[in-house]
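For the sequence shown, the residue numbers in the working numbering are 14 to 151. Ideal placement from N, C-alpha and C gives every residue a C-beta, glycine not left out. Owing to the predicted nature of the structure, the values given are computational and were not obtained by experimental measurement. Have a look at the structure below, then the notes.
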Amino acid sequence: MTERLTAGDPAPEFTLPTDNGDTLTLKDLRGRKVLLYVYPAAMTPGCTQQACDFRDSLGSLQAAGYELVPVRDPNLCCGSAGTYSILEPELSMRLRDQKLAALGAHAPQVIATANIGCQLHLGTASGVPVVHWLQLLR
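Right under this line is the structure:
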């Protein structure tokens, strides 16, 4: 596992594949406000609704200076969905750690989500703050 960053730490250099086969480097993102959007539980009503809300509100975030950057495995569940965290705690923690690894590959200063369950679950092990995306518009 890599060393966790704290808020304000400089992001380490990286080169990562995007969802469309291009590459993304930290140098490409420097000086920009960047959003990394992931789809936590594809094809479920809750996440579909949250994704639509995020999509419909993206203009407000862009007006505030944020841009959307694709991440690896955007459909990977964080492990808080359904009964995972109650009936399958070990699976829940593995899914959480996999999601945080995918998000952490971009060295974010903050992780934003539309799902309060994901926010709380990811926040238990994240090295950076995990917030609801509406908090970015304050």
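Extent of the continuous alpha helix (DSSP H) run through A115: 102 to 117
Quick check: the Cα distance between S98 and L39, rounded to an integer number of angstroms? 33 Å
Can S93 and L133 be called in contact, C-beta distance under 9 Å? yes
L147 by DSSP, collapsed to three states: which one? helix
Let me check one thing: in DSSP terms, what residues is T28 bridge-paired to? T38
Could you give the residue range of the alpha helix (DSSP H) that holds G136? 129 to 136
What does DSSP give as the partner residues of I124 in its beta bridges? V143
DSSP three-state assignment for C91, whether helix, strand or coil: coil
So, is A138 buried or exposed, given that buried needs 16 or more other C-beta atoms within 10 angstroms? exposed
For H119, count neighbouring C-beta atoms within 10 Å of its own C-beta (all shown protein chains included) and say buried if the count is 16 or more, exposed if not. buried
Output needed for K46: all residues of its chain with C-beta closer than 8 Å, excluding positions within five of it in sequence on either side, in chain order. A77, G78, Y79, E80
Does the Cβ-Cβ distance between L149 and A115 come in under 9 Å? no
Can you determine whether any heavy atom of the ligand COA sits closer than 8 Å to the C-beta of T36, and answer yes or no? In terms of ligand content, the structure shown is empty, and the ligand COA therefore cannot be addressed.
In angstroms with no decimal places, state the Cα-to-Cα distance between D110 and L37. 22 Å
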